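Asker: Mind looking over this structure? Questions follow.
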Amino acid sequence: MKRIAVLASGRGSNLEAILEAEKRGDLSSGRVVLVLSDCADAPVLEKAKKAGVKALFIDPKNHSSRESYDQALVDVLKAAQVDLVVLAGFMRLVSPLFVRSFPMQILNIHPSLLPSFPGTDGIEQALAHGAKVTGCTVHFVDEGLDSGPIVLQEAVPVIQRDTVHTLRSRVQAVEHRLYPTAIDLFCRGMLKVEGRRCYILD
Ligand code: GAR
3 MKRIAVLASG RGSNLEAILE AEKRGDLSSG RVVLVLSDCA DAPVLEKAKK
53 AGVKALFIDP KNHSSRESYD QALVDVLKAA QVDLVVLAGF MRLVSPLFVR
103 SFPMQILNIH PSLLPSFPGT DGIEQALAHG AKVTGCTVHF VDEGLDSGPI
153 VLQEAVPVIQ RDTVHTLRSR VQAVEHRLYP TAIDLFCRGM LKVEGRRCYI
203 LD
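Numbering (this note's numbering), first residue to last: 3 to 204.
Spelled out as structure tokens, the structure:
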């Protein structure tokens with residue numbers, strides 16, 4: 003059974019989707035054991051506690067550098083013997099120190115079809131660019147910005163009357179299905195990375 007930690011800064015709808023998948027039995031080889039947040043009042047912390055999952059706020063203000071903060075995260079994750087780190091709306095760029103502590107053991111979900119529209123505002127960028135198709139991407143985290151090997155991607159059409167709000171809610175509905183699927187594949191040992199390509203074993 004893989005021990006999963008979820009790192010999130012906000013609402014936590016992806017955490018909810020992952021916990022629901024676990025409840026349904028769709029995450030047969032993994033269990034969420036810990037939720038960490040960099041925001042004291044992030045709703046994700048309450049959601050985790052309600053579901054009976056240990057949830058901790060780790061305050062960036064207590065650290066003078068990104069490395070020092072990330073080392074604190076790594077210490078907590080290692081103490082909890084975590085096998086997989088899941089970034090779910092964690093709005094900080096993790097440092098090389100963090101990435102090297104969990105090589106090919108960190109997944110992220112991003113609200114665009116990478117490599118298009120990386121960064122913090124994937125939905126806004128797609129709309130501003132006038133893209134007709136966007137979507138979401140689950141990828142392994144490497145030392146770049148949203149640049150690691152892609153595990154799963156799914157397209158979402160942009161429609162004429164879309165606003166940031168309507169497009170985000172359609173993209174997130176897909177995220178809620180795609181992320182648990184990717185996490186399950188990882189936990190069952192079905193992902194193999196060679197260079198930039200991630201193969202799904204059968
Ligand atoms: C998700 O839509 C995720 O794709 C996005 O934050 C949202 C978190 O929502 N992540 C990024 O933009 C990362 N660059 P949630 O807190 O409801 O799961």
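Don't be surprised by glycine CBs; every beta carbon is placed ideally from N, CA and C.
A quick note: this is a predicted structure, and the numbers were derived from the prediction, not measured.
1) Can you tell me whether DSSP reads Phe119 as helix, strand or coil?
2) With a cut-off of 8 Å on the beta carbons, I'd call Ile60 and Val35 a contact; round off their distance for me.
3) Can the beta-carbon of Val158 be found less than 7 Å from the beta-carbon of Val176?
4) Between Thr168, Lys63 and Glu48, which lies nearest to Lys56 when the distance is taken from Cα to Cα?
5) By DSSP's criteria, Ile6 is part of a beta bridge. Which residues make up the other side?
6) Using 10 angstroms around the beta-carbon of Ala130, count the other beta-carbons present and answer buried if the total reaches 16, otherwise exposed.
7) Could you spell out the range, first to last residue, of the beta strand (DSSP E) harbouring Gln127?
8) Would you mind listing the alpha helix (DSSP H) stretches within the stretch 60 to 86 that are 4+ residues and don't spill past its ends, in chain order?
9) Between Ala23, Gly91 and Pro182, which lies nearest to Pro113 when the distance is taken from Cα to Cα?
10) Considering just the uninterrupted stretch of the beta strand (DSSP E) at Gln162, what are its terminal residues?
11) CB of Ser30 to nearest heavy atom of ligand 1: below 6 Å?
12) Could you tell me if Asp186 is buried or exposed, where buried requires 16 or more neighbouring beta carbons within 10 angstroms of its beta carbon?
13) Just confirm the distance between the C-beta atoms of Glu145 and Val101, as a whole number of angstroms; I'd bet it's less than 8 Å.
14) Please identify the residue among Pro98, Val78, Arg163 and Ala42 whose C-alpha is closest to the C-alpha of Ser67.
15) At a cut-off of 6 Å, is Ala128 close to ligand 1 when judged by its beta-carbon and the heavy atoms of the ligand?
16) Are Val142 and Met106 close, meaning C-beta to C-beta below 7 Å?
Answerer: Taking the structure as given:
1) Residue state for Phe119 is assigned as coil, using DSSP reduced to three classes.
2) Not really, about 16 Å apart at Cβ, beyond 8 Å.
3) yes
4) Glu48
5) Val34 and Leu86
6) exposed
7) Taken as a continuous stretch (DSSP letters only), Gln127 belongs to no beta strand (DSSP E), being part of the alpha helix (DSSP H) at Gly124 to His131.
8) 68 to 81
9) Gly91
10) It is not in any beta strand (DSSP E) - Gln162 carries neither H nor E in the DSSP assignment.
11) no
12) buried
13) 5 Å
14) Closest by alpha carbon: Pro98.
15) no
16) A quick correction: the sequence has Phe, not Val, at residue 142. In contact: Phe142 and Met106 (Cβ atoms closer than 7 Å).
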